[in-house]
Every structure is written in C-alpha cells, then in structure tokens.
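Going letter by letter, the sequence shown gives residues 39 to 167 in the working numbering.
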Amino acid sequence: QLSSGISSVITDETLVASVIGAASAVIDNVPLVAAAMGMYDMSQYPVDSQFWDLIAYCAGTGGSMLVIGSAAGIAYMGIENVSFGWYLKNISPGAVAGYVAGIGALLAQNKVAVALGLAAASAASTSVM
Numbered sequence: 039q040l041s042s043g044i045s046s047v048i049t050d051e052t053l054v055a056s057v058i059g060a061a062s063a064v065i066d067n068v069p070l071v072a073a074a075m076g077m078y079d080m081s082q083y084p085v086d087s088q089f090w091d092l093i094a095y096c097a098g099t100g101g102s103m104l105v106i107g108s109a110a111g112i113a114y115m116g117i118e119n120v121s122f123g124w125y126l127k128n129i130s131p132g133a134v135a136g137y138v139a140g141i142g143a144l145l146a147q148n149k150v151a152v153a154l155g156l157a158a159a160s161a162a163s164t165s166v167m
C-alpha cells in the first residue's frame, strides 16, 4: 500500500501531510485528498484528528506554492500575462513561507486545544452525532 510506503520513509504525520500538501502544487487537491482518505485507516486517524486537519490545510493551500497548482493561479497567469518563472521567483517564496507558518499555527492551535481539554470535548461531541 502507498500509505505504508510513505509511512516507512516519513514517520512523522506532520511531514506526511506537508508532503501531500506540497504535491498539491502539481496535482489537483481534490483527488489528492480522496486518495489520502483511501490510504489511511480511519480507525488509526479518526475524522477529527490533527492528521486530517493538516491534510485539509496542506492540500488546500499547498497548491498556491506554484502558479500551476490551482485554478486561480492558472486564471491569474492568463489574465495578468504572468509567466511560471516570474511567479516562481516573486510569489512562491512568500507562498511557501505562509504555507509553513500555517502548519506551525495549526500545530500550535492543536496543542492549546489539547492543553485546555477542548480537543477531547470536540472529539466526544463528534462521536455522539
């Protein structure tokens, strides 16, 4: 299975989600997330786990690191007559910095929620529904 191969090379779930997000700069994020949902066992990673939060964030924003990674980027290229190289030089560094900062913010938010006991309450309310 692909998830086993990825997990054997990259053991940290944050890095796995980050790599999947970086792949969304080249691969459309919808099939990428659908593939991830099929690759990872929902009993190991429940719906409300930090892993899926990271996958959603990373796949959703990773596409902005390259102009070809999103439909908006493709439209931007056409409307503003921007080249791939120009975007890579002028926009990608900021997009990568924002991507990494967002991952850090999401991890910090999760740590605060766990420390306050909010994560457990959220998981309990989700399982009741």
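For glycine and all other residues, C-beta sits at the position ideal for the given N, C-alpha and C. Bear in mind that the values here come from a model prediction, so they are computed numbers and not experimental data.
Inter-residue Cα distance where the pair is Q82 and Q88: Spanning the two alpha carbons is a distance of roughly 12 Å.
Residue closest to A135, alpha-carbon to alpha-carbon, out of S46, A60 and V47: Closest option to A135, judged by alpha-carbon separation, among S46, A60 and V47: A60.
Complete alpha helix (DSSP H) runs within the stretch 118 to 142 (minimum length 4 residues, chain order): Here the runs fully enclosed are 122 to 128.
Whole-Å CB distance - S196 paired with G111, under 8 Å assumed: Summary: the structure shown does not reach residue 196, with the chain confined to residues 39 through 167, and so no result is reported for it.
Whether I65 touches V57 by CB criterion (9 Å): Contact: no.
C-alpha distance - A55 paired with L92, whole-angstrom precision: Looking at the two C-alpha atoms, the distance is approximately 6 Å.
CB-CB length for G142 against Y95, believed under 8 Å: So it is not a contact: roughly 11 Å between Cβ atoms.
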